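The block underneath contains the structure these notes are about, expressed in structure tokens.
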């Protein structure tokens, strides 16, 4: 395991879910593609549809479960605070709704692990501050995702779209 990434895994789904060790390279690939080289920690919570729906309603006011939610950790930065390059900096939390991910993978004819990896990469980029509200932002973020997925040995996740 790398000293650069600490993945805290919370399994709250009855479905089969990837381990922290399986998800760690996905996080590392997102960091590499985004040229982010300081050590990080994050929590990845793998949930069922009920919790995914509840969180999406509470935080996004949407009445459906979505595939991934990102909750950046926004620590107040004091003038004397610096990004520590030795100790992990806490990025935040990702919530991955496994039933939605598996359904999307089946619909898109992708392997579940491939689609899950893509959504973890996507979520990590959100934790790093990337977004896709505008076409330019979406293009930039998608290119980083493509690079990360290729680094992991996967195809372009957008090629079938």
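In our numbering, the protein residues as written are 139 to 299.
Ideal Cβ placement from N, Cα and C applies to all residues, glycine included.
Note that this is a predicted model, so its numbers are computed, not measured.
Please work out which residues of its chain come closer than 6 Å, Cβ to Cβ, to residue 250, disregarding the five sequence neighbours upstream and downstream, and give them in chain order.
-> What you label residue 250 is simply residue 112 of the chain shown in a count that begins at 1. So the list reads 240 and 243, once near-sequence residues are dropped.
Can you say whether residue 246 is buried or exposed, counting buried as having 16 or more other CB atoms within 10 angstroms of its CB?
-> Counting from one through the chain shown, the residue named residue 246 turns up at place 108. It counts as exposed.
Rounded straight-line distance, which links the Cα of residue 252 to that of residue 165 = What you label residue 165 is simply residue 27 of the chain shown in a count that begins at 1. What you label residue 252 is simply residue 114 of the chain shown in a count that begins at 1. Annotation: residue 165 to residue 252 spans about 13 Å, alpha carbon to alpha carbon.
For residue 144, collect the residues of the same chain with a Cβ closer than 8 Å to its Cβ; drop the 5 residues on either side in sequence, then sort them by chain order.
-> For the purposes of this step, residue 144 is taken as residue 6 along the chain shown, with counting starting at 1. So the list reads 177, 178, 179, 180 and 226, once near-sequence residues are dropped.
Is it right to say residue 281 is buried, meaning 16 or more other beta carbons lie within 10 angstroms of its own, or is it exposed?
-> Within the chain shown, the letter at position 143 stands for residue 281. Result: exposed.
Validate contact between the segment 275-293 and the segment 150-168 using beta carbons, cut 8 Å, 3 pairs | Yes: at least three Cβ pairs fall under 8 Å.
Reduced DSSP category for residue 288 - H, G, I as helix; E, B as strand; rest coil = Walking along the chain shown from the start, residue 288 turns up at place 150. Collapsing the DSSP output to three states places residue 288 in a helix.
CA-to-CA distance, residue 186 to residue 153, given in whole angstroms | Numbered from 1 along the chain shown, position 15 holds the residue referred to as residue 153. Numbered from 1 along the chain shown, position 48 holds the residue referred to as residue 186. If you take the alpha carbons of residue 153 and residue 186, they lie about 8 Å apart.
Distance, Cα to Cα, residue 232 vs residue 190?
-> The count along the chain shown starts at 1 and reaches residue 232 at position 94. The count along the chain shown starts at 1 and reaches residue 190 at position 52. Using only the alpha carbons, I get a separation of about 11 Å.
How is the beta strand (DSSP E) around residue 148 delimited, first residue to last?
-> By 1-based counting over the chain shown, the position of residue 148 is 10. Counting along the chain, the beta strand (DSSP E) containing residue 148 begins and ends at 143-150.
Using alpha carbons as the reference points, say which of 255, 278 and 230 lies closest to residue 155.
-> Translated into the one-based positions of the chain shown, residue 155 becomes position 17. Proximity to residue 155 across 255, 278 and 230 peaks at 255, based on C-alpha coordinates.
Exposed or buried, residue 218, counting other C-beta atoms within 10 Å across all chains shown (16 or more means buried)?
-> Your numbering for residue 218 matches position 80 in the chain shown. With a pLDDT of only 44 at residue 218, under 50, the local geometry of the prediction cannot be trusted, and no value is derived from it.
Exposed unless 16 or more other CB atoms sit within 10 angstroms - verdict on residue 216 | Stepping through the chain shown from its first residue, residue 216 is reached at position 78. Here residue 216 scores only 40 on pLDDT, less than 50, and its place in the model is too uncertain to base an answer on.
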